[in-house]
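**Q** Residue numbers (the UniProt record's numbering): 1 to 216.
Supplied in structure tokens, the structure appears directly below.
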């Protein structure tokens, strides 16, 4: 399997439609980046949950998932499940963030996600950041929309366990959901690990990237 290593990982944008999306979809990868590169600037934008207990959960969770990072989190108040009706507000929020951030990596939902809020956010990303590496994360759910990702971040046992622990610790409002448990999170990570020759992994979708076959 071919491995690629981004030349720079000093500034990251992480986008979520809801509090916990980023942590579920890319928490271990964020943790890996921030732990290996202290001082990484992480711009995180979440479209819903602002002003509620969900925002408090998100702030504590992302602080834990981004150890040693310069974390800048914004949580908006768009209504859950209504992003298509608030397209302009979401687009303006991304444009505002674009004016502040020129990231080396963007973590966002992927366009094949069945949830309209996730999918809508994914569709907006390339209209704002057109020349950036964007990895679309996956979120296991009732809809059964898991696809065939092409990018993998292998995880050692410690990181995979840390992700599950932090998800359980920082999002008590989600514990009642039948899919929100250790078996689901580790099970998907184990499957993605098998696909890339590792014990565990997070997997992502990429729409476009370029390669430089002449470069050194």
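All C-beta atoms, glycine included, are put in the ideal place defined by N, C-alpha and C.
In the DSSP output, what is residue 75 paired with across the bridge?
**A** Bridge partners of residue 75: 46.
**Q** Alpha carbon to alpha carbon, how far is residue 43 from residue 75?
**A** 11 Å
**Q** From the DSSP secondary-structure annotation, give me the bridge partner or partners of residue 153.
**A** 202
**Q** Cα-Cα, which of 65, 172, 111, 103 is closest to residue 26?
**A** 65
**Q** Going by DSSP, what residues sit across from residue 105 in a beta bridge?
**A** 12
**Q** Might you give, ordered along the chain, the residues of its own chain that have their beta carbon closer than 6 Å to the beta carbon of residue 298, omitting 5 neighbours on each side?
**A** Since the first residue of the chain shown is 1 and the last is 216, residue 298 is not available in this structure.
**Q** Do residue 171 and residue 20 have their C-beta atoms closer together than 8 Å?
**A** In contact: residue 171 and residue 20 (Cβ atoms closer than 8 Å).
**Q** Per DSSP, what kind of secondary structure is residue 171 in: helix, strand or coil?
**A** coil
**Q** So, with DSSP's three-state summary, where would you put residue 5?
**A** coil
**Q** With burial defined as no fewer than 16 other Cβ atoms inside 10 Å of the residue's Cβ, what is the status of residue 57: buried or exposed?
**A** buried
**Q** With C-beta atoms as the reference, is residue 138 less than 8 Å away from residue 146?
**A** yes
**Q** Is it right to say residue 176 is buried, meaning 16 or more other beta carbons lie within 10 angstroms of its own, or is it exposed?
**A** exposed
**Q** Can you tell which of 29, 54, 134 has the C-alpha that lies nearest to the C-alpha of residue 102?
**A** That would be 134, whose Cα lies nearest to the Cα of residue 102.
**Q** Considering only the alpha carbon of each residue, which of 183, 166, 204 lies closest to residue 31?
**A** 166
**Q** Going by DSSP, which residues form a beta bridge with residue 137?
**A** 109, 204.
**Q** Just the Cα atoms here: how many angstroms apart are residue 18 and residue 49?
**A** 7 Å
**Q** Assuming the contact rule is C-beta atoms closer than 8 Å, residue 94 and residue 124 should be a hit. Round their C-beta distance to whole Å, please.
**A** 6 Å
**Q** Quick one: what does DSSP say residue 70 is sitting in, helix, strand or coil?
**A** DSSP, read as helix, strand or coil, puts residue 70 in strand.
**Q** List the residues that DSSP assigns as beta-bridge partners of residue 82.
**A** The partner list for residue 82 (beta bridge, DSSP) is empty, contrary to what the question assumes.
**Q** Look at the Cβ atom of residue 217, then the Cβ atom of residue 81, and state whether they are nearer than 8 Å.
**A** The question about residue 217 has no answer here: the residues shown for the chain are numbered 1 through 216.
**Q** Taking the continuous alpha helix (DSSP H) assigned at residue 120, which residues delimit it?
**A** 116-128
**Q** Measure the CB-CB distance between residue 149 and residue 203 and report whether it falls below 8 Å.
**A** yes
**Q** In terms of residues, what are the limits of the alpha helix (DSSP H) holding residue 32?
**A** 21-36
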